[in-house]
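Asks: In order, the protein sequences belong to chains P and L. First residue of the first sequence: 205, per my numbering; consecutive thereafter. First residue of the second sequence: 205, per my numbering; consecutive thereafter. The structure follows.
Number of protein chains: 2
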Amino acid sequence: MIDIYEIVGLLAALLTTASFVPQVYKTWKSKSADSLSLTMYLVFFVGIVLWLIYGIHLKSLAMIVANSITAVLSLLLIIFKLRYK
Amino acid sequence: MIDIYEIVGLLAALLTTASFVPQVYKTWKSKSADSLSLTMYLVFFVGIVLWLIYGIHLKSLAMIVANSITAVLSLLLIIFKLRYK
């Protein structure tokens with residue numbers, strides 16, 4: 205049974221994940237990743253993987269869904285950065 | 205008592221929050237926010253506030269600390285965006 209707080213968490217997940225999508229699309233479309241910092245995205249990616257582990261521990265559906273998607277999106281940006289330079 | 209998973213969460217918080225700081229510094233230093241999307245930061249900010257509410261519900265120290273700091277940082281970027289245009 206999903207309670208009201210789980211809905212708040214899923215809405216949070218939706219908003220913060222959605223705010224990440226335009227960057228991925230823009231980078232893929234323009235085939236340019238000059239203004240992205242590889243170091244920052246590597247740090248961010250490791251952080252998101254740790255959030256995912258933490259979310260699994262907390263049995264939080266919102267955290268597991270959000271951090272899985274964001275991990276894939278940030279990994280895509282890292283791949284784009286390495287490929288397009 | 206802080207357990208090993210709370211340390212994973214706090215490390216996650218440190219990494220994802222740290223990856224946000226250079227953008228704030230760069231924007232403040234350059235007094236330019238042309239390439240920042242106001243809509244995206246507003247969506248992101250609302251998402252972070254919801255994560256904070258969710259973290260308080262989960263009694264997660266890592267989520268409360270990380271999302272409080274990130275809320276302030278993203279609010280700063282919104283203020284910069286409105287001021288420097």
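Backbone N, C-alpha and C fix where the C-beta goes; we use that ideal spot for every residue, glycine too.
1. Thinking C-beta only, is residue 233(L) closer than 9 Å to residue 288(L)?
2. If residue 275(P) sits next to residue 256(P), beta carbons under 8 Å apart, how far is it from one beta carbon to the other, in whole angstroms?
3. Which residues, taken in chain order from the segment 213-229 of chain L, show a beta carbon closer than 7 Å to some beta carbon of chain P?
4. Check distances from the C-beta atoms of the segment 245-274 of chain L to those of chain B and list, in chain order, the residues that come in under 7 Å.
5. List, in order along the chain, the chain L residues whose C-beta lies closer than 7 Å to that of residue 288(P)?
6. Give the straight-line distance between the Cα atoms of residue 215(L) and residue 262(P), rounded to the nearest whole angstrom.
7. Alpha carbon to alpha carbon, how far is residue 283(L) from residue 208(L)?
8. With a Cβ-Cβ cutoff of 9 Å, do residue 270(L) and residue 220(L) count as a contact?
9. Have a look at 279(L), 226(L), 267(L) and flag the residue whose alpha-carbon is nearest the alpha-carbon of residue 242(P).
Replies: Once the coordinates are examined:
1. Here the question's residue 288(L) lines up with position 84 in the second sequence. Here the question's residue 233(L) lines up with position 29 in the second sequence. Taking 9 Å as the Cβ cut-off, residue 288(L) and residue 233(L) do not qualify as a contacting pair.
2. One-based indexing of the first sequence puts residue 275(P) at position 71. One-based indexing of the first sequence puts residue 256(P) at position 52. That pair is a contact at about 6 Å.
3. 213, 215, 216, 219, 220, 222, 223, 226
4. No chain B appears in this structure, whose protein chains are P and L.
5. Working through the first sequence from its first residue, we reach residue 288(P) at position 84. Chain L residues near residue 288(P): none, gap ~18 Å exceeds 7 Å.
6. Within the second sequence, the letter at position 11 stands for residue 215(L). Within the first sequence, the letter at position 58 stands for residue 262(P). Whole-angstrom Cα-Cα distance: 15 Å.
7. Taking the first residue of the second sequence as 1, we reach residue 283(L) at position 79. Taking the first residue of the second sequence as 1, we reach residue 208(L) at position 4. If I take the Cα positions, the gap works out to 37 Å.
8. The residue you call residue 270(L) lines up with position 66 of the second sequence. The residue you call residue 220(L) lines up with position 16 of the second sequence. Taking 9 Å as the Cβ cut-off, residue 270(L) and residue 220(L) qualify as a contacting pair.
9. On the first sequence, residue 242(P) is found 38 positions in, with the first residue counted as 1. Of the candidates 279(L), 226(L), 267(L), the one whose C-alpha sits nearest the C-alpha of residue 242(P) is 226(L).
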